[in-house]
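Chemist:
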Amino acid sequence: MFYRSTRDSSLAVTSAQAIAQGISVEGGLFLPSEIPQITEETLRGLADMSYAERADVVLGKFLTDFTPEELHHCTASAYSTANFEISDIAGLTKAFGNAQILELWHGPTCAFKDMALQILPYLLTTSLKKTGEQKNVVILVATSGDTGKAALEGFRDVPGTQIMVFYPEHGVSSMQKRQMATQEGGNVCVCAVEGNFDDCQNGVKKIFTDPAVREKLSAGGMMFSSANSINWGRLAPQIVYYVSAYAEMAKRGDIRFGETVNVVVPTGNFGNILAAYYAKNMGVPFGKLICASNVNKVLTDFISTGVYDRNRDFFATCSPSMDILISSNLERLLWLLTDGDDAQIRDWFGKLSKDGRYEVSPAVMARLQKDFAAGYCDDAQTKETIRRFHDEYGYTLDTHTAVAVKVYYDHLNQTGDTTRTLIASTASPFKFSPSVLEAVTGKVPQGEEYDMVATLSECSGMPVPPSLAALKEKPVRFSGVIRKEEMEQFVLSQLGITE
Ligand SMILES: *Cc1c(COP(=O)(O)O)cnc(C)c1O
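For the sequence shown, my numbering begins at 289 and goes up steadily by one.
(1) When every heavy atom of ligand 1 is checked, does at least one fall within less than 7 Å of the C-beta of P554?
(2) Terminal residues of the continuous alpha helix (DSSP H) containing G491?
(3) In the DSSP output, what is S767 paired with across the bridge?
(4) With DSSP as the reference, label V691 as helix, strand or coil.
(5) Apply the 10 Å Cβ neighbour rule to A500 and answer buried if 16 or more other Cβ atoms are within range, or exposed otherwise.
(6) Could you tell me the alpha carbon to alpha carbon distance between E776 and V446, rounded to whole angstroms?
(7) Do you know how far the Cα of K417 is from the Cα of V429?
(8) Please say whether V549 and F512 have beta carbons closer to each other than 8 Å?
(9) Per DSSP, I389 is paired with what?
(10) Does E441 pass the burial test, meaning 16 or more other C-beta atoms within 10 Å, or should it be called exposed?
(11) Please classify A604: does DSSP put it in a helix, a strand, or coil?
(12) What first and last residue would you give for the alpha helix (DSSP H) that runs through D679?
(13) Out of Q406, T435 and T449, point me to the one whose CA is closest to N424's CA.
(14) Taking 8 Å as the threshold (C-beta atoms), are I311 and S415 in contact?
(15) Looking at the secondary structure, which residues open and close the beta strand (DSSP E) in which E482 lies?
(16) Within its chain, find whatever has a CB closer than 6 Å to the CB of V572; leave out the 5 residues flanking it on each side and keep chain order.
(17) Quick one: is G556 buried, meaning 16 or more other Cβ sit within 10 Å of its Cβ, or exposed?
(18) Looking at C-alpha atoms only, which residue of E341, M468, P717 and F290 is the closest neighbour of Y367?
(19) Tell me the residue span of the beta strand (DSSP E) that contains C579.
(20) Just tell me which of Y683, N569 and P409 has its CA closest to the CA of M750.
(21) Does K585 come out as helix, strand or coil in the three-state DSSP assignment?
(22) Count the other C-beta atoms from every protein chain shown that fall within 10 angstroms of the C-beta of Q422, then say buried if there are 16 or more, exposed otherwise.
(23) Determine the DSSP secondary structure at P554, reduced to helix, strand or coil.
(24) For Q526 and M337, which I take to be in contact (beta-carbon distance under 8 Å), what is that distance rounded to the nearest angstrom?
(25) K568: which of P733, V528, K694 and F602 sits nearest, CA to CA?
(26) Figure out for me which residue from M570, K658, I543 and G663 has the closest Cα to the Cα of N386.
(27) Let's test the definition: count the other Cβ atoms within 10 Å of the Cβ of I374 and tell me whether it reaches 16, buried, or not, exposed.
(28) Who does R292 pair with in a DSSP beta bridge?
(29) Under DSSP, the beta strand (DSSP E) around R645 begins and ends at which residues?
(30) Quick check on the DSSP output: the alpha helix (DSSP H) that includes Q657 runs from which residue to which?
(31) Could you give the first and the last residue of the continuous beta strand (DSSP E) run that contains N424?
(32) Taking CB distances under 8 Å as the criterion, tell me whether G704 reaches chain B.
(33) With a floor of 3 residues, list each beta strand (DSSP E) that falls wholly inside the stretch 363 to 409, ordered by position along the chain.
(34) For S303, which of helix, strand or coil comes out of DSSP?
(35) Identify the residues that DSSP records as bridge partners of F454: which are they?
(36) Using a Cβ-based criterion (distance less than 7 Å to any ligand heavy atom), does F660 qualify as near ligand 1?
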């Protein structure tokens, strides 16, 4: 299997090269030349395996240039109980009506990003070895809150790597900020940017694809890579938990093998839901993939009208990790839906960067709507959903998962579609304690954040995740704020490149 670029379909590189590089030189995203298939027999076989073994099977189909030993070293190192607080690494809740929640946040940073960022450093260092790359790798990360911390934890003190994280100064929760500002490790650097997530992501993409910057790095024995979901090494591990969840539901008798399951995903950069699309196209019997947004609903509008238009107000919501207007991974989906028409992709994404807008054809729309549905909700509805779920089921949702749950109920009410549904739960409620507590109690909580964390623990009956509790005593190491125009200079000076 080879990897192509969305903006140059004639490229053919190995998965190791795609992962090492992160993004293609002309700015396109790497993706596999074909989608491997998984049979029902293989799915049945997965049911009796550990999570790491399931990852071996699924990743083995995509990373075909990795030996089974190399791959198992990566999966076993990442998916161990040393890194995840429970052995059920991607655990399912009981059913709430026809819906079940897939808890993806039991890793070290309490968000689903750990599912991929615990393994990415192993995949990347293995890829560098395989490609014979001698340079030190500089990982640049733009984060809407959760990727940054997960990447910092994954890469801290990994030999041969340095990591720099940029986050929107006013665009993350206070716990997310605290997690990043107190990060330990000798190869890490964190900086806030005056702007929103899109500014951070654009800045990072620009630095990546600037030939002059790349040359300066190369002269210094360094190269860039990415830990954002533009890197295929982030996407592939996310496919695993969808395949795994299906096998698990069947094993538990929640569904029969072969039964259709819908999937709802709270979406920002479109990475997580794209992983579900890959799982579906591998042959996992998924039905509708339901894209859930907050009021930054550029994806809801796109899926219902075919017009992608980022020229709109940007809102800071109580689900900040989804406050995004430019969803990178949509580019991969559109490449798939146009059967790899790279000229068309260049045209659309050229328009997006020039005019902030593009429109797809009715044929592409038809293919899009066959698999995807979409909905959104505002902060009041998000909080109302947290309260209702807490009161009715005694289960406490975080603000992002609550968006997905609300959109699920809207879909159910509008369509009467009672298909068994998997809802991806992307973060621990403790990362957003003030909002969750306000939702549950109906009052804006006052006082110190750690008092709110303690109160939330009492009223949810959930223990405070040890990694979040530990932050209370940790000193702040990073408090810098820069303008978005200064990102490139910041990176170069951090790396000791002056001229
Ligand atoms: C990153 C994130 C999302 C959005 O995921 P995408 O892959 O960017 O669509 C949703 N919820 C939480 C908690 C996140 O951290």
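Glycine included, each C-beta is placed from N, C-alpha and C at the ideal position.
Modeler: Here's the rundown:
(1) Of the heavy atoms belonging to ligand 1, at least one sits nearer than 7 Å to the Cβ of P554.
(2) Annotation: the continuous alpha helix (DSSP H) that includes G491 extends over F485 to T497.
(3) Per DSSP, none; premise fails for S767.
(4) Secondary structure of V691 (DSSP, three-state): helix.
(5) Classification of A500: exposed, given that the 10 Å Cβ count is below 16.
(6) Spanning the two alpha carbons is a distance of roughly 24 Å.
(7) Looking at the two C-alpha atoms, the distance is approximately 22 Å.
(8) Not in contact: F512 and V549 (Cβ atoms no closer than 8 Å).
(9) In DSSP, I389 forms a bridge with I711.
(10) Residue burial annotation: E441 is buried, with at least 16 other C-beta atoms found within 10 angstroms of its C-beta.
(11) Note: A604 maps to coil in three-state DSSP.
(12) Residues D667 to Y681.
(13) That would be T449, whose Cα lies nearest to the Cα of N424.
(14) For S415 and I311, no; Cβs fall outside 8 Å.
(15) First-last of the beta strand (DSSP E) with E482: V476 to E482.
(16) Within the same chain, V531 and Y534 come within 6 Å of V572 by CB-CB distance, once the 5 residues on both sides are set aside.
(17) Buried is the call here.
(18) The residue with the shortest Cα to Cα distance from Y367 is E341.
(19) That run of the beta strand (DSSP E) goes F574 to S581.
(20) Among Y683, N569 and P409, the Cα nearest to that of M750 is on Y683.
(21) Shown here, K585 sits in coil according to DSSP, grouped into three states, outside any helix or strand.
(22) Classified as exposed, Q422 has fewer than 16 neighbouring CB atoms from the shown chains inside 10 Å of its CB.
(23) Here P554 carries a strand assignment [DSSP, helix/strand/coil].
(24) In fact, because the Cβ distance is near 18 Å, the residues do not count as touching under 8 Å.
(25) From the listed residues P733, V528, K694 and F602, the smallest Cα separation to K568 is found for V528.
(26) Closest option to N386, Cα to Cα, is I543.
(27) Exposed, because fewer than 16 other Cβ atoms sit within 10 Å of the Cβ of I374.
(28) According to DSSP, R292 bridges with L319.
(29) Where R645 is concerned, the enclosing beta strand (DSSP E) stretches over R645 to E647.
(30) P650 to D659 is the span of the alpha helix (DSSP H), which, as asked, contains Q657.
(31) N424 to A430 is the extent of the beta strand (DSSP E) around N424.
(32) Of the protein chains in this structure there is only one, and it is not chain B.
(33) Counting whole runs of 3 or more residues, the stretch 363 to 409 contains the beta strand (DSSP E) stretches 379 to 384 and 387 to 391.
(34) The answer is helix: DSSP assigns S303 an H, G or I state.
(35) For F454, which the question treats as bridged, DSSP gives the partners A430 and C479.
(36) No, Cβ of F660 sits at least 7 Å from all heavy atoms of ligand 1.
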